[in-house]
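Undergrad:
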Amino acid sequence: MICNRRHILTVSGLSLGSFLLGSSLTFGGTEAELSLLIRTIIGEHYPKATEHKAVVDQFIQDLLGQNIDSLEPGNFLRQQAGKLDKSDLERYILVQFMTSPGFIAVQDK
Amino acid sequence: MWMFEGARLPQHETKRSERQGRLAMFREKFQFDQTVVKNVPISATVPEEAKAGPGWSLKIVATAYKLRRNWEKLLAESGYTFEKQLEEKSIPEIADMLLKKDLLGILGYSDPDLGLALSHKRPKSFTEYYQLFKHFNVPEGAEKILDDTEFADYFVAGLNPLMIRRLDEIPSKLGFDQNFFQAHPAFAKDDLNTVLTDGRLFIVDYEILTALLPGEHPEQKKYIYAPIVVLGLPNGSGNLEVLGIQTGQDQAQYPMVTPRSGPWDWLVAKTLVKTADINYHEVASHLVLTHLVLDPIVVSTYRQLSDAHPLHQLLVPHFEGTLPINALAVRRLINKDGKVEQLLTAEIESAYRVIEIVRNSFHFRNSFLTDDLQRRGVGVESLLKNYPYRDDALLVWGAIETWVSDYVHSFYASDADVAEDTELAQWTAEIIAPESGRIGGFAPNDRISSRQILIETLTMIIFTASAQHAAVNFPQGRAAAVPYQSLAGYAPAPTKLGLSEADAIEFLPPLDRAIKQTHTLTLLGDTYYTQLGGYALGTFKDARLAAPLWKFQEQLRKIENVIDRRNRSRRTSYSYLKPSRIPQSINI
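Residue numbers (the numbering used here), protein chains in the order written: chain C, 36 to 144; chain Z, -18 to 569.
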């Protein structure tokens, strides 16, 4: 599970949490925060992420710079990052990362 | 990816017993199986050496993700309901499938069979079929169902540009005469006999499809179509015009429909043709004549050509992913009640019989590109000047032939070297033999006896694995749009004219099959892996090959530019044989 400020709100106040769970606020954080979120998702599900830091760095840079053949429309990333339920975001990040040229190159070695 | 040591012919081998030992090991691993479809050999297993690099499955995963998202949006936005629910998986489960490259699991999750539609069983309009594209766009050109120019060019630049042939006389089964002919404005002052004599009349005849028996959707019947299309070149033009479509083989029963018939009659006639064409295409042009012809050649290459053999090293990059995708096709496509039977018209047993007939009547050398064009009367010397598939394919064939020729001459100093190559002789014999490869006409007198014959053989193999498969595979993306090209017909071929829009929609599939068509053909048409001429670093150790390989790659770059230039003046752009869009191998 990804923990961020909104996640803390859900556990600290049920009614607010229930409201926020279904909300679709666009992620209002900085690019660095978004980058950290993506890195956390990859790290959580791809144990070797720490061994391939350069690959992960390049992927995040390409993704945020929209320098990638994206599987989702341009606004998807920030929209999903703004949601409390981040499962769609996690799935997208994992598939996009694991089909990226850098990840494939690592697999080829 | 494969890394080879220096290549040498068996007659120059110093470690013969070691070489023989490795070959024996490969013969154990690679075996033929002729039981899936009778008398159609495929590899019994997918040994480790024949598996594709990790990038292959990940390319498929990327397209599969789009299908999953499309399913989710369809169910959320359209209110469609099916017998089964879309199965959810947790993120750790998805991550696990991805890390294990569990392709069957990923495809089952991304594009599951939800059974029959419980609501909205049949789309009510053409628009509703186009609205099945939620997460990706309607393919470019797929909306042109009313455009007769696009329809005429389909036979020279479409999904299956391999059937059109020059007509020298009007067959008795065809109800086409001077009146029909002159009714077309472009031929108003022309004479049918003159056009025939000139070589300006062409036909596409789907008679072979009468051998199929129709399958069934659980809730409605399907129908086999075997129409005949007549096309002509106006005087002084190299561009085809469609003159008429007879909706079946017997002119007494089936009417000749023309562009001047009722609008829905004409649209239905074109729909029948597209459906017939894709049924021939999927079974013959695509499955049999690329995937299933190559499969036993892959098996024999591993079994009979040592991994130290120069031809093994040349060919294996052109076989990457072929056995895995064929195995996947056998499990998910051509099995009983698999996607082929669900989506195409025929019931699977009759499709198997047609597969067996087409595969066993295939003649390797008669299928060389120029021979095939010549036999159909549509070679470059014909009056059919606008034939994008032919013109681009000839360029690519030429580039492959030059590269192969340079390669062969690097290892075979003379024809005697070819004749003395015992592994080549065994490879040839096994590919031909009925109990193994069953490929007819593979070599003159069943022997590859000269460098020239070897070059022709290798060129045909590499062309089929790369360009020919690209030409018949990637246009499937456009056929993902059901109104553009339906995989099966759901109303009988009309015997009377006067059809309405509602009648026309009855020919198209029910919702469950329509979604399945959209997803399956998007997967096949959108997944590109590797590029012709892009051999992995270290594939060839011999320094003599560096210059020829560079020349080949440079030639492919020039062809890319030529095709771009041609497309600027062509009536219908054709990009499927641009070298940048041709994979090295059959891998999807």
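Just so you know, even glycine gets a beta-carbon here, dropped at the ideal spot from N, CA and C.
On a predicted model such as this, the values are computed, not experimentally measured, just so you know.
1) Report the rounded CA-to-CA distance for E401(Z) versus V18(Z), giving the unit in angstroms.
2) Alpha carbon to alpha carbon, how far is L435(Z) from G426(Z)? Give it in angstroms, no decimals.
3) Which of the three DSSP states, helix, strand or coil, is assigned to A524(Z)?
4) Check whether the region 184 to 194 of chain Z and the region 208 to 215 of chain Z touch, using three or more Cβ-Cβ pairs below 8 Å as the test.
5) Do the region 258 to 271 of chain Z and the region 226 to 242 of chain Z meet, that is, are 3 or more Cβ pairs less than 8 Å apart?
6) On the DSSP bridge assignment, give the partners of H344(Z) in chain order.
7) Note down, in chain order, every chain Z residue with its Cβ under 7 Å from the Cβ of I139(C).
8) The region 448 to 470 of chain Z: which residues have C-beta closer than 9 Å to a C-beta of chain C, in chain order?
9) Starting from the beta carbon of L98(C), find every residue of chain Z whose beta carbon is closer than 7 Å, and list them in chain order.
10) Run through chain Z and tell me which residues come within less than 7 Å of S122(C), C-beta to C-beta.
11) Where in the region 116 to 180 of chain Z do unbroken runs of the alpha helix (DSSP H), each at least 4 residues long, occur, reported from the N-terminal end onward?
12) Can you grab the Cα-Cα spacing for the pair E86(C) / I139(C), in whole Å?
13) Who are the near neighbours of V119(Z) in its chain, counting only those whose CB is closer than 8 Å to its CB and skipping five residues on each side?
14) Beta carbon of T282(Z), beta carbon of L296(Z): below 7 Å?
15) What are the start and end residues of the beta strand (DSSP E) that includes P22(Z)?
16) Just mark H344(Z) as buried or exposed, buried being the case when its beta carbon has 16 or more other beta carbons within 10 Å.
17) Quick check on DSSP: helix, strand or coil for I184(Z)?
18) Count the other C-beta atoms from every protein chain shown that fall within 10 angstroms of the C-beta of P82(C), then say buried if there are 16 or more, exposed otherwise.
19) Is DSSP giving K385(Z) helix, strand or coil here?
20) In chain order, which alpha helix (DSSP H) runs of at least 4 residues are fully inside the region 425 to 508 of chain Z?
21) Buried or exposed, going by whether 16 or more other CB atoms sit within 10 Å of the CB of V361(Z)?
22) Is there a Cβ from chain C that is less than 7 Å from the Cβ of L79(Z)?
23) Counting only beta-carbon atoms, is R126(C) nearer than 7 Å to chain Z?
24) Counting only beta-carbon atoms, is I75(Z) nearer than 7 Å to chain C?
25) Of the choices H290(Z), V377(Z) and R419(Z), whose alpha-carbon is the least far from that of E337(Z)?
26) Please name the residue in I540(Z), V27(Z), T520(Z) and S556(Z) whose C-alpha comes closest to that of F455(Z).
27) Hey, would you say A123(Z) sits closer than 7 Å to Y471(Z), going by beta carbons?
28) Once DSSP output is grouped into helix, strand and coil, what is the label at E197(Z)?
29) Please list, in chain order, the chain Z residues whose beta carbon lies closer than 8 Å to that of H189(C).
30) Going by other Cβ atoms of all chains shown within 10 Å of its Cβ, with 16 needed for buried, is G57(C) buried or exposed?
31) Please confirm whether L71(C) has its beta-carbon closer than 7 Å to some beta-carbon of chain Z.
32) Measuring only between beta-carbons, confirm whether V42(Z) sits less than 7 Å from chain C.
33) For the putative contact between K497(Z) and L324(Z), defined by C-beta atoms under 8 Å, what is the C-beta separation to the nearest angstrom?
34) Would you report the Cα separation of L439(Z) and S561(Z), rounded to the nearest angstrom?
35) Anything in chain Z within Cβ reach of L106(C), meaning under 7 Å, just list it in chain order.
36) Which residues in the same chain have their Cβ closer than 7 Å to the Cβ of T(-5)(Z), if we skip the five residues on either side of it in sequence?
TA: On the basis of the supplied data:
1) 36 Å
2) The question names Gly, yet the displayed sequence has Asn at residue 426(Z). Cα-Cα distance, rounded: 13 Å.
3) helix
4) yes
5) no
6) G421(Z)
7) P35, G36 and L39
8) none
9) Those do not exist, as L98(C) stays about 14 Å from chain Z at its closest Cβ, beyond 7 Å.
10) I72
11) 129 to 138, 159 to 164 and 173 to 179
12) 15 Å
13) Y111 and A462
14) yes
15) V21 to S24
16) exposed
17) strand
18) exposed
19) Note that residue 385(Z) is Val in the sequence shown, not Lys. Correct three-state label for V385(Z): helix.
20) 432 to 444, 450 to 454, 482 to 487 and 492 to 507
21) exposed
22) yes
23) yes
24) yes
25) R419(Z)
26) S556(Z)
27) no
28) strand
29) Past the edges of chain C, shown from 36 to 144, lies residue 189(C), and the structure says nothing about it.
30) In this predicted model, G57(C) has a pLDDT of only 46, less than 50, meaning its place in the structure is not dependable enough to derive any value.
31) no
32) yes
33) 6 Å
34) 21 Å
35) A43, Y46 and K47
36) none
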